[in-house]
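Residue numbers for the sequence shown follow the UniProt record's numbering, so the first one is 1 and each next one is one higher. This report refers to the structure that appears directly beneath it.
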Amino acid sequence: MRGAFHHIDLSVTDVAASKRVYGPVLEFLGYVQVKDDPDVCEWDIRGREPFGASLGIRAAKNAGRHDGYAPGLQHLAWRAASRDEVDRLHALLLDRSITVLDAPASYPEYSGDYYAVFFADPDGIKLELVHAPGWI
């Protein structure tokens, strides 16, 4: 579909540490790992054409911690099929000792039925799984 995201690549300080976050989260969401090198990992979600997508992580060339309020990525959110899916991801995050920023909650200020969990990767990139029926 014209205009839909095709792929996203993120630069990370430590690919192995980031893989311990992105791997379980993306696999939970139905992505399959298609590349696993020391400096680059990639997961694809297929079989949903024309809405397939890819997310890659690659070793950063410059040192520094992510700042969501500097120019660049503020946060990345994935769509959930249900509130239960948000809750199940939250349980997985806790089980894997992945940093949870905000436990699942309703955010009516975003839209009437917005329900999300917020978490972070090892570089401090803010991530989210959201169920918001009727919004986008």
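C-beta: ideal position from N, C-alpha, C; glycine also. It should be emphasised that the depicted structure is a prediction, and the values quoted were computed from it without experimental measurement.
**Request:** Could you tell me if Ala8 is buried or exposed, where buried requires 16 or more neighbouring beta carbons within 10 angstroms of its beta carbon?
**Result:** Residue identity check: residue 8 is Ile in the sequence provided, not Ala. Label assigned to Ile8: exposed.
**Message:** Checking the sheet assignment: what are the DSSP bridge partners for His75?
**Reply:** The partner list for His75 (beta bridge, DSSP) reads Lys126.
**Asked** In this structure, does DSSP put Arg58 in helix, strand or coil?
**Response** Here Arg58 sits in strand by DSSP.
**Request:** Pair every Cβ in the segment 65-79 with every Cβ in the segment 116-128, then say whether three or more of these pairs are closer than 8 Å.
**Result:** In short, these stretches touch, since the Cβ pair count reaches three.
**Prompt:** Thinking C-beta only, is Asp44 closer than 8 Å to Val32?
**Reply:** Their beta carbons are under 8 Å apart, which means Val32 touches Asp44 by this criterion.
**Prompt:** Can you tell which of Phe118, Val117, Ser111 and Asp123 has the C-alpha that lies nearest to the C-alpha of Ala132?
**Reply:** Looking at the Cα atoms, Ser111 is the closest of the given residues.
**Prompt:** Distance, Cα to Cα, Pro104 vs Ser97?
**Reply:** Cα atoms of Pro104 and Ser97: separation of roughly 16 Å, rounded to the nearest angstrom.
**Message:** Can you find the residues in the same chain that come closer than 7 Å, C-beta to C-beta, to Thr99, ignoring five residues on each side of it along the sequence?
**Reply:** For Thr99, same chain residues with a beta-carbon under 7 Å away, outside a window of 5 residues either side, are Phe119 and Ala120 in chain order.
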